[in-house]
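Below you'll find the structure, written out as structure tokens, and then a few comments.
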Amino acid sequence: MPASKLDLLQGTLDLMVLQTLAAMGRLHGYGIARRIEQVSGDAVLLNQGTIYASLVRLQQRGWISAEWGTSTNNRKAKFYSITKRGRKQLSEDAAYWQRLSDVMGRVLALSEGSDTK
Amino acid sequence: MTDQLRRLFHRVRSLFRRAEQDRDLDVEMSAHLELAVEENLRRGLSRAEARRQALLRFGGWQQAKENHREVRGLPLLETLLQDLRFALRMLRRSPAFSLLAIFCLTLGIGANAAVFSWMEGLLFRPYPLVAHQERLVALTGTARGESGHTGLSWPDFLELQRNCKLFDTFFVSKITGTTLSIGDRAQVVTGSIVSANYFEVLGVHPILGRAFEPSEDVGRSAHPVTVISYQLWKERFQGDPQIIGKTQRMDGVIHTIIGVAPEGFYGTFVGWATKFWVPASMEDTFEAGGYKLEDRGERWIEAYGRLKPGVTIEQAQQEISAVAKRLENDYPATNRGRSIKLWPLWQTPFNNAGTLLPTLGTMLVVVVFVLLIACANVGNLLLVRSFARRHEITVRVAVGAGRRRLLQQLFMEGLVLSALAAAGGLLIARWCSHLLVLLLPVRNGNAMHLPGEMDWRVMTLSAAVCLVATLLFALLPAMQTSKVDLAATLRSEMAGVVHGRSKSWVRSGLVVVQVSLCFILLVGAGLLLQSLQNIRLDSPGFSTNGVLVTSVNLVASGYDAQRAKNFQDELIDRVQALPGVESAALARVTPLGYGTFSSAPIVVDGYQPPPEERPSVEYNQVGPSYFATMGIPLVSGREFTRADNETAAPVAIVNETMAAHYWQAKNPIGERLQVKDKWLRIVGIAKTSKYESMRELPRPFFFVPRRQDFSVGAALNIRTQLRPEIMAAALSRELKAMDANLALYEVISLQEQLDRSTSPQKVAVTLTGVLAGLALVLAAIGLYGVMSYTVSQSTRELGLRMALGARTPELFRLVISRGLALTIAGIFLGAAAALGLTRLLGYLLYKVSPRDPLAFGSATLVLTIVSLIACFLPAWRATRVDPIVALRYE
């Protein structure tokens, strides 16, 4: 059910792309999109086309690099890989998300549970 | 931070690689799609379903592209560039329209920029290279109960230096001049007597040698040193690098050249470029009337002060007034009833800033009017075009162009027009920056120095004017167009009914405004022209034709008083012996010339001045037969003769105004007058004439014999019917015979002298006339445009009228009367405004009422005739309408 899929928060797609490239190495746009869908178990509402805006943004920041190559079906495709600066950024962002989700979890638990203890 | 910069760099770069990046993205996205399709095929879907699924998962294809573009580039700038390209295409497509619009705006913006540059160069930043001009103020002395102003005295100036806390500094710069012979031609060069701190406080450093030292302010003629201007150094001394330490004789005294001022520094006197500077201690050498540095009663200096940062001129004035008040108490003999007044630089009364201010102020109003008229024209042109483009615009709205986007694009089109016009306008202004000088006469081979200044402030202001103009002329059509009601427009297109009433109302309104502005300008030009005419027709009180004036500068050649007397006696004899010369006479100053008359406090036997009045009257030192030569009638008594010399009893001739004021009913002949402790016996009464300016009111004035108040310098007046050039040749021959080292100044008629003295009026009349003419042409174009358009749009109506039996003259009258109705409305509006506005011409008007019926009448006449001409062609075209074609039309 598409209605129950998660809308992506601003900036989260960029982080997912970085993480995917860090984990999988060199990939083309379709590969990245598929990978994100697979990992999220199709829980993320992703128009695959939106990935390209994210890719150009990351490129402009110098966090990923791109080069032309040939895909498995022998088509010309653009392949992306994460840069050193991108890895650094990823570790910072990942730590940030980790902390944020910890806090969110605790806050939400607090509101559901009783206020004893 | 570097992240942001890096992104910006990429974004800007992508502006120039749009096509390439679009292509790349296409390739990438196609590859993406194929990979997805293949995967779906592998999952066993049919080819069609595989493709459908792939597209579905991809999302909006165009949206992805747009997203990509937005992220990678600068979308705002890109639409602007797009608009710019479109605007340029539109301009190229209708070159006649574009050229006409740009032409109108160029004139409007150019005229504005030119006046801005004059105001900047002459009033607000008149002194290039001088630091902190915005804080400079000019100082003059005032006397209670008297209008006008005096200079300051040197001792008072020193008191200000010591006592004022709100000022950084004060300095003196008093214009003077000397004669340098260049070849066989004598040339007057402008100089300045300055306080020793002059160069230091101005922040101007000599490029060679040094500036003055504080000690050089002190002692009577004790420091004959001079700093020369870059121009003088180049022209007279051929840029001699060893110039420092060399000497130059000036006004009879050998001066040592101690410094050369930097290029582009013209001193501190609006109107003349200063060529040399001497310290205040040399005052005695260059000023008439003796040593004045220790005399508190001699108010001869022109002084400036620089306010401390943040001090207002009002605060400073309070401090100065307090100091002046104390001086009044401490030195009642010289300072009773005297105070000191501060002026912002642009109102400086003792240089040409003061005389140019009303002219430039008037010009500013005039050019704003011209610009408004030009804007109305372009607005009208754009309106016409927006009707022609209504189809295009309707389509654009129909396919979803937003109101903002549409406005933005129309504004961009206007901006392109006015930016092109502004570029042209700035060129015009640059070209005009020396125009003022061309309108003013050259004196003794010296042109005045009245440069416009095109600095960033002028540029910014012009750009602002250009923007405001764009808003004015682009906004109206844009508002009209953006209100496009889709359904209504499409329906009306089909019905063939053209424009609504409101649009033609706007256009007519614009024409009425144009006509009224133009009317005001015409009235102004008419009033100024009449003033000039009145000045010209006014008699100065002496002969203007048949009298020539020139001079021989003996001071510069080192003549002492005795040698000068001998020389001048012989000169008069020789000149009077020349064929064609009726008489010749010397005078220290010629009327309406550039010299200043002597002035002294007087005491009159039997006249009790009111308690606050210290009677002070100006006078001239004139030679024998001066009145006969000048053609000034003597009412009674006698002229001076050679017998009125040093040994004879001192005498004077007063004018009628003075006689009436000081002796009332009595006949002053034989009465006594005390001037500077000397009693003079009055021997004659002369008719009152003009002395300093044609515009002055009759005022007391008297004359003394040259021999009884001698100074070496003198002007030579010659009554003759010969032409100036012929006289000049004869005079040169005589001079050579007497002393080969002497050179002659230019020889001009008194009429020429008079014309020169009215040059500010002439400048005002010329400029206003030209601009009013321009406005007239622009307004005529506007009216013509509106009428032509009305006719072309009412072809159907005209055809119908014709078919119903209207005859040619009736149709002709119909169109003409519509045009005239607009004109008359404009004239009424303009007349109402002009009645209030023309008073602002103030002192430029001479013996003309600001509501002069002749000026208003002729402006009405001119406008009516011009609008008849402008309507003629459209009206004629209306009569040529073929009813059959017209009714089938549309």
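Quick mapping for you: the protein sequence lines, in order, are chains R and W.
Mapped onto the working numbering, the consecutive letters of the first sequence carry residue numbers 1 to 117.
Mapped onto the working numbering, the consecutive letters of the second sequence carry residue numbers 118 to 1007.
Ideal Cβ placement from N, Cα and C applies to all residues, glycine included.
With a 10 Å radius around the Cβ and a threshold of 16 neighbouring Cβ atoms, Y96 of chain R comes out exposed. By a beta-carbon distance limit of 8 Å, S312 of chain W contacts A397 of chain W. Their separation comes to about 5 Å. Among the bridge pairs identified by DSSP, Q365 of chain W is matched with W:H372. Distance check between G643 of chain W and each of W:Q878, W:G899, W:M775 and W:D334 places W:Q878 closest, using alpha-carbon atoms only.
For T267 of chain W, DSSP records a beta bridge to W:G258. Not one beta carbon of chain W lies nearer than 8 Å to the beta carbon of Y96 of chain R. For A66 of chain R against N184 of chain W, the beta-carbon gap comes to about 17 Å, at or over 8 Å, which does not count as contact. Across the set W:G422, W:A581 and W:G268, the C-alpha of W:G422 shows the shortest separation from the C-alpha of N314 of chain W. When the alpha-carbon of L895 of chain W is set against those of W:T472, W:R836 and W:C492, the nearest one is in W:C492. Annotation: Y960 of chain W to V483 of chain W spans about 17 Å, alpha carbon to alpha carbon.
The DSSP-derived three-state label of Y960 of chain W is helix.
Contact between the region 553-572 of chain W and the region 230-243 of chain W is present: three or more C-beta pairs spanning the two stretches fall below 8 Å. DSSP places S81 of chain R within a strand segment (E or B) once states are collapsed to three.
Counting C-beta pairs closer than 8 Å gives fewer than three between the region 917-929 of chain W and the region 685-703 of chain W, which falls short of the contact rule. With fewer than 16 neighbouring CB atoms inside 10 Å of its own CB, R759 of chain W falls in the exposed class. Residues of the region 66-85 of chain R that bring their beta carbon within less than 7 Å of a beta carbon in chain W comprise S71, N73, R75, K76, A77 and K78, in sequence order. The beta carbon of G62 of chain R lies closer than 6 Å to those of R85 in the same chain, with the five residues before and after it left out.
As for any alpha helix (DSSP H) of minimum length 4 sitting wholly inside the region 697-751 of chain W, the runs are 743-747, ordered along the chain. In the three-state scheme derived from DSSP, where H, G and I count as helix and E and B as strand, V669 of chain W is classed as strand.
Of all residues in the region 123-134 of chain W, only R123, R124, H127 and R128 place a beta-carbon less than 8 Å from a beta-carbon of chain R. With respect to the C-alpha of R327 of chain W, the residue from W:V864, W:G362, W:S338 and W:E735 having the closest C-alpha is W:G362. Against chain W, the beta carbon of T50 of chain R has neighbours under 7 Å at G176, A181 and N184, listed in chain order.
When C-beta atoms of the region 786-798 of chain W are compared with those of the region 688-708 of chain W, fewer than three pairs fall below 8 Å, so the two segments do not count as touching. For the region 144-167 of chain W, the residues whose beta carbon sits under 9 Å from a beta carbon of chain R are, in order, V144, E145, M146, S147, A148, H149, L150, E151, L152, A153, E155 and E156. The residues A22, in chain order, have a CB closer than 7 Å to that of R87 of chain R in the same chain once the five nearest residues on each side in sequence are set aside. For P245 of chain W against G376 of chain W, the beta-carbon gap comes to about 18 Å, at or over 8 Å, which does not count as contact. With a cut-off of 8 Å on Cβ pairs, the region 458-475 of chain W is not in contact with the region 209-219 of chain W, counting fewer than three such pairs. Annotation for L142 of chain W: H185 place their beta carbon closer than 6 Å to its own, counting only its chain and skipping 5 residues before and after. When C-alpha distances from L900 of chain W are compared across W:N651, W:A769 and W:S625, the shortest belongs to W:S625. Per DSSP, N494 of chain W is one residue of the alpha helix (DSSP H) stretching across N469 to A505. Among the residues facing chain R, D139 of chain W is not included, as its CB has no counterpart in that chain under 8 Å away. Under DSSP, I310 of chain W forms a beta bridge with W:K291 and W:V395. Contact annotation, L634 of chain W with L489 of chain W: C-beta distance approximately 6 Å; criterion of less than 8 Å satisfied. With fewer than 16 neighbouring CB atoms inside 10 Å of its own CB, M104 of chain R falls in the exposed class. Nearest CB-CB separation between D120 of chain W and chain R: below the 8 Å threshold. Residue pairing by DSSP places R455 of chain W opposite W:A260 in a beta bridge.
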